[in-house]
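Engineer: The sequence shown maps to residues 1 to 195 in the UniProt record's numbering. By construction, the Cβ of each residue, glycine as well, lies at the ideal position given by its N, Cα and C atoms.
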Amino acid sequence: MSLSEMLSNLTLLLIAGHETTVNLITNGMLTLLRHPDALKQLREDPEMIYPLVEELLRFEPPVQLLPERTTLDDIEIGGTTIPRGASLWLAPASGNRDPQRFPEPDRFLPDRPDRTRASAGQPAPRPGPAPVPPQRRPQRAAAPGRRLRRPQALGGARRVSPPAARKGARLTQRLAGAVGEQPRWRPPGPPAPMP
């Protein structure tokens, strides 16, 4: 494995293995605190964890912006043709709030019948991970809903803090320095004209 590949893998592990999990848990807890009826429903019916998590992934996706992608063919989106080779940044959070796709897109509705979303592909199949016995899966996943007696959100902290972003950038630089190579990424080919 080259140094560049190693750096890419380390970055992927940091983001996919940590950031998405932390964001889903914290966004989920904040959403449940803001929607006590959903928390109550989860306490009463642990099976509710499955549709609740699917709706959380739509309502507050753990990743708000996906890295640059390049189109492999001409595609049409919303009446606009995007040429082959064009660079795109995808915003799943925006697609998940599309009123043409989701009725009442700004409402958190765990019992929403349509669970497809732009943030992470199709809903995960049931049941949950194998190490937990099938009869315990919903109870294990819904445990925070039962354990928290009177949860409250305190304060109005900023969702993204510049110091945290700087720390993330410094960590990436340190990882790059640790493997002896600074990341050098260049897009494949010239930028495509965007309409």
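Specify the secondary structure class of Arg43 as computed by DSSP and reduced to three states.
Structural biologist: Against the sequence shown, residue 43 aligns to sequence position 43. Residue state, collapsed to three classes: helix.
Engineer: Going by C-alpha distance, which of Leu57, Arg34, Leu66, Leu3 is nearest Thr21?
Structural biologist: In the sequence shown, counting from the first residue as 1, residue 21 sits at position 21. Of the candidates Leu57, Arg34, Leu66, Leu3, the one whose C-alpha sits nearest the C-alpha of Thr21 is Leu57.
Engineer: Could you give the residue range of the alpha helix (DSSP H) that holds Glu55?
Structural biologist: Taking the first residue of the sequence shown as 1, we reach residue 55 at position 55. From DSSP, the alpha helix (DSSP H) with Glu55 extends over 49 to 59.
Engineer: Counting Cβ pairs, one atom from each stretch, are 3 or more of them under 8 Å apart for the region 102 to 117 and the region 31 to 46?
Structural biologist: Yes, the region 102 to 117 touches the region 31 to 46.
Engineer: Which term fits Pro92, buried or exposed, when burial requires 16 or more other beta carbons within 10 angstroms of its beta carbon?
Structural biologist: Position 92 of the sequence shown, counted from the start, is the residue given in the question as residue 92. Burial call: buried.
Engineer: Let's see if you can read the secondary structure: which residues bound the beta strand (DSSP E) around Pro67?
Structural biologist: Here residue 67 refers to the residue found at position 67 when the sequence shown is read from its first residue. 66 to 70 is the span of the beta strand (DSSP E), which, as asked, contains Pro67.
Engineer: Counting C-beta neighbours from all protein chains within 10 Å, is the total for Ile49 16 or more, i.e. buried, or is it exposed?
Structural biologist: Against the sequence shown, residue 49 aligns to sequence position 49. Result: buried.
Engineer: Under the assumption that Leu66 contacts Trp89 (Cβ atoms under 8 Å), give the Cβ distance between them as a whole number of angstroms.
Structural biologist: Locating residue 66 in the sequence shown gives position 66, counting from the first residue. Locating residue 89 in the sequence shown gives position 89, counting from the first residue. About 7 Å separates the two Cβ atoms, so the contact holds.
Engineer: Helix, strand or coil for Pro163, going by three-state DSSP, please let me know.
Structural biologist: To locate residue 163, count along the sequence shown from 1; it is residue 163. Any reading at Pro163 needs caution, since the residue's pLDDT is 49, under 50, leaving its predicted position unreliable; the model's value is listed next. Looking at Pro163 - three-state DSSP - the assignment turns out to be helix.
Engineer: What are the boundary residues of the beta strand (DSSP E) that includes Leu12?
Structural biologist: For the purposes of this step, residue 12 is identified with residue 12 of the sequence shown, where counting begins at 1. Here Leu12 belongs to no beta strand (DSSP E); instead the alpha helix (DSSP H) covers 3 to 14.
Engineer: Given a cut-off of 9 Å on the beta-carbon distance, is the pair Pro83 and Asp74 in contact?
Structural biologist: For the purposes of this step, residue 83 is taken as residue 83 along the sequence shown, with counting starting at 1. For the purposes of this step, residue 74 is taken as residue 74 along the sequence shown, with counting starting at 1. Yes, these two residues count as a Cβ contact at 9 Å.
Engineer: Cβ of Arg97 within 9 Å of Cβ of Glu54?
Structural biologist: Counting from 1 along the sequence shown, the entry for residue 97 is found at position 97. Counting from 1 along the sequence shown, the entry for residue 54 is found at position 54. No, the Cβ-Cβ distance between Arg97 and Glu54 is not below 9 Å.
Engineer: From what residue to what residue does the beta strand (DSSP E) around Leu33 run?
Structural biologist: If you number the sequence shown from 1, residue 33 lands on position 33. No beta strand (DSSP E) contains Leu33, which is instead part of the alpha helix (DSSP H) from 20 to 34.
Engineer: With respect to the alpha helix (DSSP H) encompassing Ala93, which residues constitute its N-terminal and C-terminal limits?
Structural biologist: The residue labelled residue 93 in the question sits at position 93 within the sequence shown. Element bounds for Ala93: 92 to 95.
Engineer: Note down the Cα distance separating Pro87 from Gly17, rounded to an integer number of angstroms.
Structural biologist: Sequence index remark: in the sequence shown, residue 87 carries index 87 (1-based). Sequence index remark: in the sequence shown, residue 17 carries index 17 (1-based). According to the sequence shown, residue 87 is Ser rather than Pro. Near 26 Å, if we compare the C-alpha coordinates of Gly17 and Ser87.
Engineer: Which of the three DSSP states is assigned to Gln139 in this structure?
Structural biologist: For the purposes of this step, residue 139 is identified with residue 139 of the sequence shown, where counting begins at 1. Only weak support is given to the placement of Gln139: the predicted model assigns it a pLDDT of 49, under 50, and the question is left unresolved by the model.
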